[in-house]
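In UniProt numbering, the protein residues as written are 1 to 112.
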Ligand code: FES
């Protein structure tokens with residue numbers, strides 16, 4: 001496991017999402033609360049567009065193209081047309097530093 005610093009907490013607005021490049025992977029970083037940040041793969045599983053250009057609604061990121069919504073905690077699609085989850089990545093907050101390990105999945109418990 002190797003966590004890489006990608007930005008500072010203050011670089012992310014609460015309720016916002018932005019892209020970051022980590023070890024060759026483009027990640028969408030969504031900040032859902034004061035100290036709540038999640039990382040999912042930036043590419044929508046429905047077509048090849050960037051989820052970081054979408055909107056954060058609670059714990060969901062909405063794809064701007066056809067409106068699929070993905071739970072940022074689990075990567076699961078919650079709204080059609082997407083039916084395939086996107087990858088999630090492990091995040092650590094070290095003070096105000098945001099670190100990601102793109103080789104490790106988020107440890108948020110998935111629903112069954
Ligand atoms: S490309 Fe994202 S929902 Fe279609």
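Virtual Cβ for every residue (Gly too), placed ideally from N, Cα, C. Values in this document were obtained by computation on a predicted structure and should not be read as measured data.
Helix, strand or coil: which one does DSSP assign to residue i?
i           : result
residue 115 : Nothing in the structure corresponds to residue 115, since the chain is present only between 1 and 112.
residue 80  : coil
residue 101 : strand
residue 108 : coil
residue 50  : strand
residue 11  : helix
Less than 6 Å between C-beta atoms, sequence neighbours within five positions excluded: which residues of the same chain meet that for residue i?
i           : result
residue 5   : 97 and 99
residue 112 : Residue placement at residue 112 is flagged as unreliable, the pLDDT there being 46, under the threshold of 50; the coordinate-derived value follows with that caveat. None.
residue 39  : 27, 29, 89, 91 and 100
Quick one: using the 10 Å Cβ neighbour count with 16 as the cut-off for buried, is residue i buried or exposed?
i          : result
residue 75 : buried
residue 72 : buried
Can you give the beta carbon distance from residue i to residue j, rounded, assuming they're within the 8 Å contact cut?
i          : j          : result
residue 27 : residue 89 : 6 Å
Under 7 Å Cβ to Cβ from residue i, same chain only, skipping five residues before and after it: list those, please.
i          : result
residue 22 : 4, 6, 100 and 102
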